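This report refers to the structure that appears directly beneath it.
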Amino acid sequence: LLGSTLFRGEHIVPTNTSFLIKAPAGSVIYVFSEVHRDGGFSNLGLEKCDAKRFRWEIEGCGKHYSLSLWKFISTGEAEQIFVCESLVGGIAVKTGQSTTSTTNSKAAEAAGKMIEKLAALV
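Just so we're aligned: 606 in the working numbering is position 57 of the sequence shown, and the numbers increase by one with no gaps anywhere.
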């Protein structure tokens, strides 16, 4: 995930919705979720990653939640990821170029706008 762009959206995503992501060909698209609220991603055939101690915490109260992580490589075409179960998680995209690249920034911005539009429809 290091060097990826995290896209902001609702962290609790309704069931029976989807994400539509368009990233440059060869980009790595990461999908992450709480272990027990994974949106059904474990059944989509995505490559599961070793997330080690990947988690989020509620500051000051000591609670933390382990996260699962999957990835796939973008073909450059729009990719639809279905959310068929309860999901608490998100998406990050890592393009093949340096994150300081203008082209890369424009592609990340366009992908972010697409995800925001989809989230607004939910």
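Using N, Cα and C, we set each Cβ at its ideal position, and we do this for glycine too. As the structure is a prediction and not an experimental result, all values here were calculated from the model.
Cβ atoms of LEU618 and TYR579 come within 8 angstroms of each other, at about 6 angstroms. For GLY552 and ASN565, the gap between their C-alpha atoms comes out near 30 angstroms. PHE590 carries a helical assignment under DSSP once its states are collapsed to helix, strand and coil.
It is roughly 37 angstroms from the alpha-carbon of SER576 to the alpha-carbon of CYS610. Judged by their CB atoms, LEU636 and GLY588 are nearer to each other than the 8 angstroms cut-off.
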